[in-house]
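Visitor: Chains as they are written, first to last, in full-length UniProt numbering: chain A, 1 to 364; chain B, 1 to 364.
Built from N, CA and C at the ideal position, the CB exists for glycine as well.
1) Is the CB-CB distance between residue 229 of chain A and residue 72 of chain A below 8 Å?
2) What number of angstroms, rounded off, separates the C-alpha of residue 37 of chain B from the C-alpha of residue 167 of chain B?
3) Sort B/2, B/86, B/290 by Cα distance to residue 218 of chain B and report the nearest one.
4) What in chain B is Cβ-close to residue 367 of chain A, meaning under 8 Å?
5) Between the Cα of residue 110 of chain A and those of A/130, A/91, A/123, spot the shortest distance and give me the residue it belongs to.
6) Is there a Cβ from chain B that is less than 8 Å from the Cβ of residue 147 of chain A?
7) Can you list, in chain order, the residues of its chain whose CB lies under 7 Å from that of residue 40 of chain B, leaving out five sequence neighbours each side?
8) State the Cα-Cα distance for the pair residue 334 of chain A and residue 305 of chain A, rounded to the nearest angstrom.
9) Let me see if you follow: with CB-CB separation under 8 Å, is residue 91 of chain B close to chain A or not?
10) Let's see if you can read the secondary structure: which residues bound the beta strand (DSSP E) around residue 192 of chain B?
11) Check the Cβ of residue 250 of chain B against every Cβ in chain A and list those closer than 8 Å, keeping chain order.
12) What are the boundary residues of the alpha helix (DSSP H) that includes residue 100 of chain A?
13) Determine contact between the segment 281-295 of chain B and the segment 306-325 of chain B, defined as no fewer than three beta-carbon pairs at a distance below 8 Å.
14) Nearest chain B C-beta to residue 222 of chain A closer than 8 Å, yes or no?
15) Does any C-beta atom of chain A lie closer than 8 Å to the C-beta of residue 415 of chain B?
16) DSSP state of residue 86 of chain B, grouped into three classes?
17) For the segment 121-147 of chain B, which residues have a CB atom closer than 9 Å to at least one CB atom of chain A, in sequence order?
18) Can you find a C-beta in chain B that's less than 8 Å from the C-beta of residue 99 of chain A?
19) Could you give the first and the last residue of the continuous alpha helix (DSSP H) run that contains residue 198 of chain B?
20) Let me check one thing: in DSSP terms, what residues is residue 307 of chain B bridge-paired to?
21) I'd like to know if the segment 266-274 of chain B and the segment 135-144 of chain B are in contact, where contact means that at least 3 CB-CB pairs between them fall below 8 Å.
22) Ends of the alpha helix (DSSP H) at residue 32 of chain B?
23) Can the beta-carbon of residue 153 of chain A be found closer than 8 Å to that of residue 128 of chain A?
24) Near residue 125 of chain A, which residues of its chain fall below 8 Å by C-beta distance, leaving aside the five closest residues on each side in sequence?
25) Pick helix, strand or coil for residue 357 of chain A, following the three-state DSSP scheme.
26) Drop a sphere of 10 angstroms on the beta-carbon of residue 282 of chain B, count the other beta-carbons inside from all chains shown, and report buried for 16 or more, exposed for fewer.
27) Could you check the C-alpha separation between residue 69 of chain B and residue 313 of chain B for me, to the nearest Å?
28) Under 8 Å, Cβ to Cβ, is there at least one residue of chain B near residue 53 of chain A?
29) Output yes if chain B places a C-beta closer than 8 Å to the C-beta of residue 27 of chain A; else output no.
30) Buried or exposed: where does residue 112 of chain B fall if 16 or more other Cβ atoms within 10 Å of its Cβ makes it buried?
31) From the beta carbon of residue 325 of chain A, is the nearest beta carbon of chain B less than 8 Å away?
32) Please confirm if residue 434 of chain A has its CB atom under 8 Å from at least one CB of chain B.
33) Taking Cβ positions, are residue 253 of chain A and residue 253 of chain B nearer each other than 8 Å?
34) Alpha carbon to alpha carbon, how far is residue 188 of chain B from residue 369 of chain B? Give it in angstroms, no decimals.
35) Tell me the start and end of each unbroken alpha helix (DSSP H) in the segment 224-267 of chain B that is at least 4 residues and wholly inside, in chain order.
36) Please tell me whether residue 310 of chain B has its Cβ less than 8 Å away from any Cβ of chain A.
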């Protein structure tokens, strides 16, 4: 009775299946459903947090302006410290972007199917969501002319663009992003670079020239820190100041700040993991194609997007019986036959592939 | 240029001085400025997190529906599991309450001076803030008749009431809260019980009878877990469902969930600390009164609110020279001569008092 009208009609962000959690302590299970890293983070993370547990001030509020962390992020990104800010996850950053820039009734354009959190956050404050649809018929490729037509028709206030896109893997190159920023200079482009490390394609230096871009990054993927919920924004000084006005700076827990700092102090650990994933991804894609499967999305992040045909649900279920968890898209329009598989190390992908072969034989 | 009009005119929540952080590793400093617990949490916290660091899945997203934690909270509160939900701090909960219940232009009433985060969150989504002022002339006491007049005049959608109030220590008893809920049954009362453990006065069972109440609680005060940012809501099933629609359930980090669970598994540790604080608070108040100081607020949480007169700023500065940090209210209208002092153990308060006596002598 007390809910505002946005919430009464809100279609909330839905987290998908959490079944893998029932097997947390099973060393033989494979969690390939949430695009998390499949290995633990650098041992520095445990080291820093253990030190904090024994000599830190657990009872104190977290550092509200961790300059060391901001400097480390700025250095990693190659931008000025004034152009970056950390948040308690890139999901939380989405919410702060929405709250900073959206006025009820503003249009938010989603290029998708894509990661759904931004849409839900925008809708919850009364934004009007419009979709630029990547079509199954064209294998979910991005068509620039169609997008121009869409933009002229819809004139959104914000465009959310996930680069590379989850789950279709579209990679939007630097020049395209720059053209969009220039052409639609009164539109704010929110570029979600959650999977940046796997492509190293980024629009980060465009924040020096353009005010209409906010980049979202996370420590949850390549850095293997999803349990800690920490991410960061890259944008113009002016936009970062606006985001700072809205966020409560107390809200990033001390352990999460330490975990991010540890990851940035051992970048080579992450680089090595990324390289391994990128290699095993190509290996996996070759094998899947050899098996006659239609594979998409592999130019993007740490995942592949596979068309399993009408037996999609059955395959997912049978993999689960082997404690292998992949992400079903059976509930998404035009993607009913697809599943997304997070890519880990070569040995993990070998296990996955062997089981998949058995499963496909079984149901053939 | 891209900010919405709410943000352009927003007066943000300001975190106060963070100077104490420069002395983090100094065992002799006293941080009495943010009402944190002055001791470390139960050793179970370190135990649970150490186990997680060595055998847990740091690379996975946190549990999105930690039933064990919700059950532990429900048991602690004495309510059904459907009437509680945890959030990544009670500050974050404030933001979700605002986003669930407020429509731009709705009136939000603050009974204050009080904790300012709810006001900032409400203003950031376009709420119209009205203040029911606790007056210096009446030593910041709450006058029911004046409040009735205020309510009839302003007719707010939400009333924020901090019980006990920070920093004035007003305690609103159960019967008063019940009367308010009944009388203003179309007004949502947000009751912030951050300091509940120190008074054990709560409106929690009123969520069974009334839909117009949401209670905010935190693990940052009595439980000594401020660094972890975790809190919870108590409300009707229906309201909890609404809050769940807006929040992203991935956003509470694994370490924070474990810390809260550890604290609830060793409640006697916190109870003992609370008892010690309440005893040393009475001792401290007596001494301060003996010194001729006007002391308020001590019926509430783990703090006292002291009128140091015109030399307030000077006293704060001199205490800082001794690495003792208290909270200045010199910047708040009608409270220019006041400071808030967090109360810890008897031995800590003895140290504080001895230094205070020296400082007062020095400037006499």
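Guide: Per the coordinate set shown:
1) No. Outside cutoff.
2) C-alpha of residue 37 of chain B to C-alpha of residue 167 of chain B: approximately 16 Å in a straight line.
3) Measuring C-alpha to C-alpha distances from residue 218 of chain B to each of B/2, B/86, B/290 identifies B/86 as the nearest.
4) Beyond the ends of chain A as shown, which are 1 and 364, falls residue 367 of chain A; an answer cannot be given.
5) A check of alpha carbon separations from residue 110 of chain A across A/130, A/91, A/123 identifies A/130 as the nearest.
6) No, residue 147 of chain A lies away from the interface with chain B (no Cβ there is under 8 Å from its Cβ).
7) These residues qualify, in order along the chain: 224.
8) C-alpha of residue 334 of chain A to C-alpha of residue 305 of chain A: approximately 13 Å in a straight line.
9) So, interface residue.
10) Element bounds for residue 192 of chain B: 188-192.
11) Think of a sphere of 8 Å around the beta carbon of residue 250 of chain B: the chain A residues whose beta carbon falls inside it are 15, 89, 91, 229, in chain order.
12) Counting along the chain, residue 100 of chain A sits inside the alpha helix (DSSP H) bounded by residues 90-101.
13) In short, these stretches touch, since the Cβ pair count reaches three.
14) It does not: the Cβ of residue 222 of chain A has no partner Cβ on chain B nearer than 8 Å.
15) Outside the displayed span of chain B (1 to 364) sits residue 415 of chain B, for which this structure offers no information.
16) In this structure, residue 86 of chain B counts as strand in the three-state DSSP scheme.
17) 121, 124, 125, 126: these are the residues of the segment 121-147 of chain B whose beta carbon lies less than 9 Å from some beta carbon of chain A, given in chain order.
18) Chain B contact via Cβ: present.
19) First-last of the alpha helix (DSSP H) with residue 198 of chain B: 196-199.
20) Beta-bridge pairing links residue 307 of chain B to B/294, B/338.
21) No contact exists between the segment 266-274 of chain B and the segment 135-144 of chain B.
22) Taken as a continuous stretch (DSSP letters only), residue 32 of chain B belongs to no alpha helix (DSSP H), being part of the beta strand (DSSP E) at 30-32.
23) Their beta carbons are not under 8 Å apart, which means residue 153 of chain A does not touch residue 128 of chain A by this criterion.
24) Once the five neighbours on either side are set aside, the close Cβ partners of residue 125 of chain A are 6, 98, 99, 102, 104.
25) The answer is helix: DSSP assigns residue 357 of chain A an H, G or I state.
26) Residue 282 of chain B is exposed by the Cβ-count criterion.
27) One C-alpha to the other measures close to 43 Å.
28) Output row for residue 53 of chain A: interface = yes.
29) Interface flag for residue 27 of chain A against chain B is unset, since no Cβ pair is found closer than 8 Å.
30) Flag for residue 112 of chain B reads buried.
31) Not an interface residue.
32) Outside the displayed range of chain A (1 to 364) lies residue 434 of chain A, so it cannot be described from this structure.
33) Residue 253 of chain B sits close to residue 253 of chain A, with the two beta carbons spaced by under 8 Å.
34) No statement about residue 369 of chain B is possible, as the shown extent of chain B runs from 1 to 364 and does not include it.
35) Restricted to the segment 224-267 of chain B, the alpha helix (DSSP H) segments that are unbroken, complete and at least 4 residues in length are 237-246, 254-265, listed in chain order.
36) No - not a single Cβ of chain A is within 8 Å of the one on residue 310 of chain B.
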